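Counting from 2, one number per residue, gives the positions in the sequence shown under our numbering.
Remarks on the structure that follows.
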Amino acid sequence: MEISHRNLTQQLTHELGKAILQGKYNEFKKLPSEADISTEYDVSRTATREAIKMLTAKGLISSRPRQGIKLKDIKNWNLFDTDVLRWILLGKPDLYMLKHFLEVRLAIEPAAAALAAKFASDDELMRIEHTLSKMKFEQSGYDDTHQADIDFHKSILLASNNPFFIQLQTFIETALKVNLHFTNRADAVSEKEYQQHVDIFTFIKAGEEQKAFDAAATTTKSTIRLVEEKITELKLLNLQE
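Here it is as structure tokens:
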């Protein structure tokens, strides 16, 4: 596979990261040697070596002399790295990964909503309200499916005025896209979902911190319950096979 890109190291890092997340090397628990990777992707050994260093820094692999390039367990991955998040989407995220994403969202988004209720400026409130207008417009089929939903959640992180939460926008966007991967819906958000978002915004705008927290938590908890039920169903099916 030939890679034609001005920055071969970054492109090779992307190709290898994507392959790892898609399970290409799971059978052997390791990557080919630097020489074999260099040949397969038709890049220099220098570019290959730098790509291996980048993947090591992201926690996906370990590379040591005479031990080869070994895959590392997911608990070692830098899961907040934007590249790793992108590769997760390009891979095959399972229900357990979805549940993990939802659990982190449950820890982040209610608190962000409460902070937004306390600190959001008029401009930030207008931005959140604008995403709701887009969501309503989306229900009529006139806009990009679910993008307004994603923008709604990201706008709340911004309105929290907490720099740590603000930097989690890419993570939250990926989590929402993984959720869409499983619901596999091409239609717009339902009226019930839309109203849940309206409720969250209403409490934020009114400065009701606890109610904003509770509304955001309730929505995510209900989704977690559905995912847990689906996981239980799959376990039962596997036992019957």
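We put the beta carbon where it would ideally sit given N, CA and C, even for glycine.
Since the model is a prediction, treat every value here as computed from it, not as a measurement.
*Could you spell out the range, first to last residue, of the alpha helix (DSSP H) harbouring R106?*
Its alpha helix (DSSP H) spans residues 96-120.
*Below 7 Å between beta carbons: does that hold for F214 and P111?*
Closer than 7 Å, so yes.
*asked:* Assuming L72 and I38 are in contact, meaning their beta carbons sit under 8 Å apart, how far apart are those beta carbons, in whole angstroms?
replied: Rounded, the Cβ-Cβ distance is 14 Å, inconsistent with contact.
*Would you kindly work out how many angstroms separate the C-alpha atoms of M136 and K76, rounded to a whole number?*
Linking M136 to K76 through their CA atoms gives a straight-line distance of about 35 Å.
_Need the endpoints of the beta strand (DSSP E) that R46 sits in, please._
Judged by DSSP secondary structure, R46 falls outside any beta strand (DSSP E) and instead within the alpha helix (DSSP H) spanning 46-58.
*Under three-state DSSP, which class holds L72?*
Strand.
_To the nearest angstrom, how far is the alpha carbon of K59 from that of L91?_
Near 17 Å, if we compare the C-alpha coordinates of L91 and K59.
*Tell me whether the beta-carbon of T1 lies closer than 7 Å to the beta-carbon of S161.*
A question about residue 1 goes unanswered here, because the residues of the chain that appear run from 2 up to 242.
*With a 10 Å radius around its C-beta and 16 neighbouring C-beta atoms as the bar for buried, classify D124 as buried or exposed.*
With fewer than 16 other Cβ atoms within 10 Å, it is exposed.
*Verify whether the separation of the beta carbon atoms of I151 and E174 is less than 7 Å.*
Going by C-beta atoms, I151 is nearer than 7 Å to E174.
_Where the beta strand (DSSP E) through S63 begins and ends_ = Looking at the DSSP string, the run of the beta strand (DSSP E) that includes S63 is 62-65.
*In this structure, does DSSP put L80 in helix, strand or coil?*
DSSP places L80 in coil when its eight states are reduced to three.
*Contact set for V199: own chain, Cβ-Cβ below 8 Å, skip 5 residues either direction*: Once the five neighbours on either side are set aside, the close Cβ partners of V199 are L133.
*asked:* To the nearest angstrom, how far is the alpha carbon of K164 from that of K119?
replied: First, the amino acid is wrong: residue 164 is Pro here, not Lys. Rounded to the nearest whole angstrom, the C-alpha separation of P164 and K119 is 15 Å.
*Which of helix, strand or coil does DSSP assign to K31?*
It is a strand residue.
*For K18, which three-state DSSP category applies?*
In the sequence as displayed, the identity of residue 18 is Gly instead of Lys. DSSP places G18 in helix when its eight states are reduced to three.
*Return helix, strand or coil for A207, following the three-state DSSP convention.*
DSSP places A207 in coil when its eight states are reduced to three.
*Residues near T57 in its chain [Cβ-Cβ closer than 8 Å; skip 5 each side]*: Answer for T57: S63, S64, listed in chain order.
*asked:* Under DSSP, the alpha helix (DSSP H) around L158 begins and ends at which residues?
replied: Note, L158: alpha helix (DSSP H), 148-160.
*Got a sec? Which residues, its chain only, sit under 7 Å from F202 by beta carbon, not counting five neighbours each side?*
Around F202: I129, E130, L133.
*Assuming T1 and Q197 make a contact with CB atoms under 8 Å, what is their CB distance in whole Å?*
Here the chain has residues from 2 to 242 only, and residue 1 is not among them.
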